[in-house]
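Presented below is the structure to which this report refers.
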Amino acid sequence: ICYRVDCRQCGKYTWGGCGKHLSTLYASIDVGKHCMCRSWPGVVIPSTTNATNNNNNQQPATPVSGNQQSS
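Reading the sequence shown from the start, the letters are residues 12 to 82 in this note's numbering.
Rendered as structure tokens:
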């Protein structure tokens, strides 16, 4: 069984135990309170920075001029 542990390095929550129940344990911990000093094998960790950057970096489409010739 896997269980929540306080990380001694960062003070957030990490895990102990067998490692087979990490996705359930990860989901039970509030966002922003997960320790990343140790990996979470088998858990898909959403990247909030990529989602935010992708939405903010969209550029408007550039109109194509009809005067350009293709080669």
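In this text, a Cβ means the ideal position worked out from N, Cα and C, and glycines have one as well. Predicted model, so just to flag it, every value in this text is computed and none were measured.
Q) Within this structure, are the beta carbons of residue 45 and residue 23 separated by less than 8 Å? A) Here the question's residue 45 lines up with position 34 in the sequence shown. Here the question's residue 23 lines up with position 12 in the sequence shown. Taking 8 Å as the Cβ cut-off, residue 45 and residue 23 qualify as a contacting pair.
Q. Hey, quick one: how far does the beta strand (DSSP E) through residue 26 stretch, first residue to last?
A. Translated into the one-based positions of the sequence shown, residue 26 becomes position 15. Here the beta strand (DSSP E) through residue 26 covers 24 to 28.
Q: Could you tell me the boundaries of the alpha helix (DSSP H) in which residue 58 lies?
A: Stepping through the sequence shown from its first residue, residue 58 is reached at position 47. Neither: residue 58 is in no alpha helix (DSSP H) and is coded neither H nor E.
Q | Span separating the alpha-carbon of residue 18 from that of residue 25 | A | Walking along the sequence shown from the start, residue 18 turns up at place 7. Walking along the sequence shown from the start, residue 25 turns up at place 14. Counting only the Cα atoms, residue 25 lies some 6 Å from residue 18.
Q. Taking just the CA atoms, how far does residue 12 sit from residue 7?
A. An answer regarding residue 7 cannot be provided, because it is not within the stretch 12 to 82 covered by the chain.
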